[in-house]
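Structure first, then comments.
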Amino acid sequence: MSERAKYIFVVTLSCFTLISCKKEVIKSVPATDSTSIRMDALKVDSAVINPTDTLSSLVDKSVIGSNILTKSSITPRLKTLLGSDYDQMVKYWNTETPFIKEGDILHASGCKQHDCNTYSYDLYIDIKNNKINVYKFSKSKLTVFTEDNFRIVLKDSLLKYLSTKKINANIPKEK
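Structural data, given as C-alpha cells:
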C-alpha cells in the first residue's frame with residue numbers, strides 16, 4: 524500500500540469516526556424553582572426527609588454489610604459525634620450483632636474480634652428524633668457519645684442488655 528493510499532485511508536477513517544460521534548443538543552431546559560431542586564436533592568437521601576424510610580429497613584442487617592459506618596448518610600454524623608474515636612470504632616467493629624428495633628430505637632453492637640472485653644461499641648439510633656448515641660466500652664470504662672446532647676432513653680430489653688454489658692465490663696453502677 525502506497526503512502527498516499529495510507530493517508531487517504533486514515534483521513535477517511537477519521538472522518539467516519541467524527542461523523543459517528545453525534546453531539547447531543549439540549550433542546551430545552553426544564554423550568555424549575557429552587558424548591559423543586561432542593562426536594563430532588565433530598566429524595567436521594569430519604570434519611571434526611573424521613574429517617575424512618577431507610578433506617579427501619581436496617582432491622583436484621585449487619586452494620587458492616589449495610590456500610591453504615593463508612594458509606595452512608597449517617598457516616599459524617601458519626602465522624603462528627605465520635606471525633607478521634609471514629610477511626611478506632613471502624614477498625615474494631617469486627618464481631619457484631621445485627622440491627623434490632625425496639626419501639627423507635629435501632630440498636631447494633633460491634634467489638635474487636637477475639638477481644639470484646641477490651642473494645643466494644645453499641646450504636647443506638649432514635650428514629651423518631653433522628654439522633655445517634657454511641658456507647659464505647661474500653662478497658663472497664665464506659666464513654667457515651669450523644670448527638671446534640673440528646674441522650675436516647677433505653678427501655679425494656681435494650682436497657683437490660685446495656686445493664687448486663689456494664690456488669691460484664693466491670694462498669695460501676697450509676698448512683
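FYI, the numbering for the sequence shown is 524 to 698, going by the working numbering. Glycine is no exception: its CB is placed at the ideal position from the N, C-alpha and C atoms.
### Query
Between the stretch 616-632 and the stretch 661-672, do three or more beta carbon pairs fall short of 8 Å?
Output reads no: the stretch 661-672 does not touch the stretch 616-632.
### Message
On a Cα-Cα basis, can you pick out the residue from Ile623, Gly633, Asp679, Asn656 that is closest to Ser643?
### Response
Position 120 of the sequence shown, counted from the start, is the residue given in the question as residue 643. Residue Gly633 is the option with its Cα nearest to Ser643.
#### Entry: Where the beta strand (DSSP E) containing Asp671 begins and where it ends
Counting from one through the sequence shown, the residue named residue 671 turns up at place 148. According to the DSSP assignment, Asp671 belongs to no beta strand (DSSP E), since it is labelled neither H nor E.
### Task
With a threshold of 16 other CB atoms inside 10 Å of the CB of Lys696, please say whether the residue is buried or exposed.
Taking the sequence shown and counting its residues from 1, the one referred to as residue 696 is at position 173. The C-beta of Lys696 has fewer than 16 other C-beta atoms within 10 Å across all chains shown, which makes the residue exposed.
### Residues that Thr666 bridges to, as DSSP identifies them
What you label residue 666 is simply residue 143 of the sequence shown in a count that begins at 1. The bridge partners DSSP lists for Thr666 are Lys659.
#### Entry: Same chain only: Cβ atoms within 7 Å of Lys635, ignoring 5 sequence neighbours per side
Taking the sequence shown and counting its residues from 1, the one referred to as residue 635 is at position 112. Once the five neighbours on either side are set aside, the close Cβ partners of Lys635 are Tyr615, Asn617, Thr641, Tyr642.
### Message
DSSP three-state label for Gly588, please.
### Response
The count along the sequence shown starts at 1 and reaches residue 588 at position 65. In the structure shown, Gly588 sits in a helix (DSSP, three-state: H, G or I).
### Message
Looking at the strands, I want to know which residues DSSP matches up with Ile628.
### Response
As a working note, residue 628 is residue 105 in the sequence shown. Answer by DSSP bridge pairing, in chain order: Glu625, Asp649.
### Query
Should Lys654 go down as buried or exposed, given a rule of 16 or more other Cβ atoms within 10 Å for buried?
Reading the sequence shown from its first residue, position 131 is the one you call residue 654. That one is buried.
### Query
Quick one: what's got a C-beta closer than 6 Å to Asp645's C-beta in the same chain, skipping five residues either side?
Position 122 of the sequence shown, counted from the start, is the residue given in the question as residue 645. Sequence-distant Cβ neighbours of Asp645 in its own chain, meaning closer than 6 Å and more than five residues away, are Ser632, Tyr658.
### Message
For Asp649, count the other beta carbons within 10 Å of its own beta carbon; 16 or more makes it buried, fewer makes it exposed. Which is it?
### Response
Along the sequence shown, one-based indexing puts residue 649 at 126. It counts as buried.
### Task
Run the CB neighbour count on Thr603, radius 10 Å, all protein chains shown included, and call it buried at 16 or more, exposed below.
The residue you call residue 603 lines up with position 80 of the sequence shown. Exposed, since its Cβ has fewer than 16 Cβ neighbours within 10 Å.
### Top-ranked residue by Cα proximity to Asp608, from Leu592, Pro621, Ser686
Along the sequence shown, read from residue 1 onward, the residue named residue 608 stands at position 85. With distances taken between Cα atoms, Asp608 lies closest to Leu592.
### Task
For Ile597, collect the residues of the same chain with a Cβ closer than 8 Å to its Cβ; drop the 5 residues on either side in sequence, then sort them by chain order.
Position 74 of the sequence shown, counted from the first residue, corresponds to residue 597. Excluding sequence positions up to five before and after Ile597, its CB lies within less than 8 Å of the CB of Ala570, Ile591, Ile648, Ile655, all in the same chain and listed in chain order.
### Task
Can you say whether His630 is buried or exposed, counting buried as having 16 or more other CB atoms within 10 angstroms of its CB?
Numbered from 1 along the sequence shown, position 107 holds the residue referred to as residue 630. Counting C-beta atoms within 10 angstroms of its own C-beta, His630 has 16 or more neighbours from the protein chains shown and is therefore classed as buried.
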